[in-house]
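Residue numbers (the UniProt record's numbering): 1 to 247.
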Ligand code: ADP
Ligand code: MG
């Protein structure tokens, strides 16, 4: 068990729209993830998956629509408050290279949660123990494998005790032999009752771990359902074509 999930919340995306200039990237996205469940988002490159996650976390503000966490809109409050509640893990880890592993984890605890140095370090060490990397606490990220760096990034997010976790192609930058360990950690986290939205090209993970799979194309969720439905009885021609290319 990689963490103690305290209060996972439901997450709902309602009619979210977003344009970059003339490029309409999200055209009314709907997605509902009950508390403690895992949704995988699949779809071709450029379909808006990363932009959707960034909109949920308010790294980008949507032009229209709403995002609800535990039934309440996240849009009124400050983005900093929201980022205490939603953890995000990126393809390229986004660790600070000049800080140690433990400093990478304590920084948001001190900045966003206002923990003092001692409490932040204790929380960071506890989380590193849970992901099996406590012996790397005082190393720099560059001295770790990609898989270890991604586990640190996951530990950093989990140390905040988030209510929802977002993963954006968390294993796409890893050497093949390191993918399994990170996916295993993510599967354990899903099992432990975290609410998760996982953008992934790992169809095996989506099939085995997801409670629901949403297929995005051209800025909308074209089809969603339980993995069995999506992978063996897809209705939309676009999803069928996508699956024929990736499976
Ligand atoms: P995916 O993650 O599914 O590959 P993205 O959400 O990254 O798709 O991108 C969807 C579209 O939005 C692409 O056309 C991309 O070029 C565009 N886009 C993404 N981020 C930006 C940005 N910061 N500024 C302008 N265009 C962007
Ligand atoms: Mg992306």
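Note that the Cβ used here is the ideal one computed from N, Cα and C, for glycine as well.
Every value quoted in this text rests on a predicted model; they were computed, and no experiment measured them.
May I ask you to report which of helix, strand or coil DSSP gives residue i?
| i | result |
| --- | --- |
| residue 80 | helix |
| residue 214 | strand |
| residue 246 | helix |
| residue 1 | The predicted model places residue 1 with a pLDDT of 48, which falls under 50 and marks its position as unreliable, so this point remains unresolved. |
| residue 19 | strand |
| residue 32 | strand |
Rounded to a whole number of angstroms, what is the C-alpha to C-alpha distance between residue i and residue j?
| i | j | result |
| --- | --- | --- |
| residue 162 | residue 237 | 37 Å |
| residue 43 | residue 169 | 12 Å |
| residue 240 | residue 141 | 40 Å |
| residue 224 | residue 121 | 41 Å |
| residue 52 | residue 117 | 34 Å |
| residue 13 | residue 27 | 12 Å |
| residue 87 | residue 218 | 26 Å |
| residue 114 | residue 106 | 10 Å |
| residue 139 | residue 155 | 15 Å |
| residue 97 | residue 145 | 13 Å |
| residue 246 | residue 231 | 11 Å |
| residue 54 | residue 62 | 10 Å |
| residue 58 | residue 131 | 27 Å |
| residue 11 | residue 30 | 11 Å |
| residue 99 | residue 72 | 36 Å |
| residue 220 | residue 174 | 28 Å |
| residue 188 | residue 208 | 12 Å |
| residue 24 | residue 75 | 20 Å |
| residue 127 | residue 119 | 12 Å |
| residue 60 | residue 167 | 16 Å |
Taking residue i and residue j to be in contact with their CB atoms under 8 Å, please state how far apart those CB atoms are, rounded to whole angstroms.
| i | j | result |
| --- | --- | --- |
| residue 9 | residue 164 | 6 Å |
| residue 206 | residue 176 | Contact doesn't hold; Cβ gap of about 18 Å is too wide. |
| residue 182 | residue 104 | Not confirmed; about 17 Å, so no contact. |
| residue 84 | residue 194 | The Cβ separation is near 15 Å, so there is no contact. |
| residue 186 | residue 198 | 7 Å |
| residue 89 | residue 157 | 6 Å |
| residue 109 | residue 149 | Rounded, the Cβ-Cβ distance is 19 Å, inconsistent with contact. |
Mark residue i as exposed unless 16 or more other C-beta atoms lie within 10 angstroms of its C-beta, in which case mark it buried.
| i | result |
| --- | --- |
| residue 1 | Unreliable positioning characterises residue 1 in this predicted model, as indicated by a pLDDT of 48, which lies under 50. The coordinate reading is nonetheless provided below. It is exposed - the Cβ of residue 1 has fewer than 16 other Cβ atoms within 10 Å. |
| residue 136 | buried |
| residue 111 | exposed |
| residue 124 | buried |
| residue 202 | buried |
| residue 38 | buried |
| residue 93 | buried |
| residue 210 | buried |
| residue 184 | exposed |
| residue 20 | exposed |
| residue 234 | buried |
| residue 48 | buried |
| residue 244 | exposed |
Counting only beta-carbon atoms, is residue i nearer than 9 Å to chain C?
| i | result |
| --- | --- |
| residue 50 | This model lacks chain C altogether, as it is built from one protein chain only. |
Task: Unbroken stretches of the beta strand (DSSP E), 3 residues or longer, contained in the segment 169-211 - done: 195-199
TODO: Starting from the N-terminal side, write out each stretch of the alpha helix (DSSP H) that is 4 residues or longer and does not extend beyond the segment 69-155.
DONE: 79-85, 101-111 and 117-130
Task: Every unbroken alpha helix (DSSP H) within the segment 34-70, with a cutoff of 4 residues, ordered by chain - done: 49-56
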